[in-house]
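From first to last, the protein sequence lines are chains A and B. Numbered per the working numbering, the first sequence spans residues 4 to 117. Numbered per the working numbering, the second sequence spans residues 61 to 172. Report on one structure; see the data block that follows.
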Amino acid sequence: GAGVSQSPRYKVAKRGQDVALRCDPISGHVSLFWYQQALGQGPEFLTYFQNEAQLDKSGLPSDRFFAERPEGSVSTLKIQRTQQEDSAVYLCASSLRPASETQYFGPGTRLLVL
Amino acid sequence: KQEVTQIPAALSVPEGENLVLNCSFTDSAIYNLQWFRQDPGKGLTSLLLIQSSQREQTSGRLNASLDKSSGRSTLYIAASQPGDSATYLCAATTSGTYKYIFGTGTRLKVLA
């Protein structure tokens, strides 16, 4: 079956541009997570959705970061006025149920801000 | 606040060797711990998930153990192969939360 997909796979943005990153979770998965992975580091939690409800956005680094999942399936992570420090791989993961279930990760979007 | 540490940061072994990767966590009230594999430029592939009530999980040549009292988990890889070369990440979920806290990973290279 289809796994988690993300688009675009690569994105180059000029500093100050807005970007939108898309995540298509596994069909029927209730939980959706966004993580940010800097070069040589482990992923760091950004935000979590249970269906369409954003239950935790404590990991979003600034108010330039915004995520939504309006119909409880596809999610978009938007970064406004991108900065060089936003350059990273953005990973999306989904799980069938919260907490105890294995999280399945997408291939990530590699963002480079020049 | 949960913190996860992995040692060594990098490891190079000859093919066929058995090896152990280490993961330490500071908060023993974990809900589960998961080991992942990450190939260069790729996402994360789940290897093994250990619930807090479990001591170990096995899948093929992989065995993961969990010792909450000491705050440690190990990933044992038997008879390593060049195809095992990748970065291995462990991640812990603390009781009452759902988000994973990741270690920085161990970069493994298995030499043919």
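The beta carbon of each residue, even a glycine, is placed where N, CA and C say it ideally should be.
Using beta-carbon distances, T105 (chain A) counts as an interface residue toward chain B, with a partner under 8 Å. For E116 (chain B), DSSP records a beta bridge to B:S125. If the five residues before and after L171 (chain B) are omitted, its C-beta is found closer than 8 Å to the C-beta atoms of S72, V73, P74, E75 and P142, all from its own chain and listed in chain order.
The continuous beta strand (DSSP E) containing R113 (chain A) extends over residues T112 to V116. Contact residues of the region 88-119 of chain B toward chain A are Y91, N92, Q94, F96, G101, K102, G103, L104, T105, S106, L109 and Q111 (C-beta to C-beta distance below 8 Å). Under the Cβ distance rule, F68 (chain A) does not count among the residues neighbouring chain B, no pair being separated by less than 8 Å. Contact note: L135 (chain B) does not reach chain A at a C-beta cutoff of 9 Å; the least C-beta distance is about 15 Å. In this structure, L126 (chain B) sits near I110 (chain B), with a CB-CB distance shorter than 8 Å. Collapsing the DSSP output to three states places E88 (chain A) in a helix. Apart from the 5 residues on each side of it in sequence, L104 (chain B) sits with its Cβ closer than 6 Å to the Cβ of F96 and Q98 in its chain, given in chain order.
In this structure, B:A146 is the residue among B:S155, B:C150, B:A146 and B:Y160 with its C-alpha nearest to the C-alpha of L168 (chain B). For the region 10-97 of chain A, the continuous beta strand (DSSP E) assignments of 3+ residues that do not extend past its boundaries occur at 13-16, 22-27, 34-40, 47-53, 56-59, 68-71 and 78-82, in sequence order. Straight through space, the alpha carbons of E55 (chain A) and E74 (chain A) are spaced by roughly 6 Å. Neighbours of K159 (chain B) in chain A, taken as residues whose beta carbon is under 8 Å from its own, are F36, F48, Y51, D59 and G62 in chain order. In the DSSP annotation of this structure, the continuous segment of the beta strand (DSSP E) that includes T147 (chain B) starts and ends at A146 to T154. Residues of chain B whose Cβ lies closer than 9 Å to the Cβ of Q44 (chain A) are, in chain order, F162, T164 and G165. Going by C-alpha positions, R121 (chain B) is about 15 Å away from S106 (chain B). Of all residues in the region 75-94 of chain A, those with a C-beta nearer than 8 Å to a C-beta of chain B are L94, reading in chain order.
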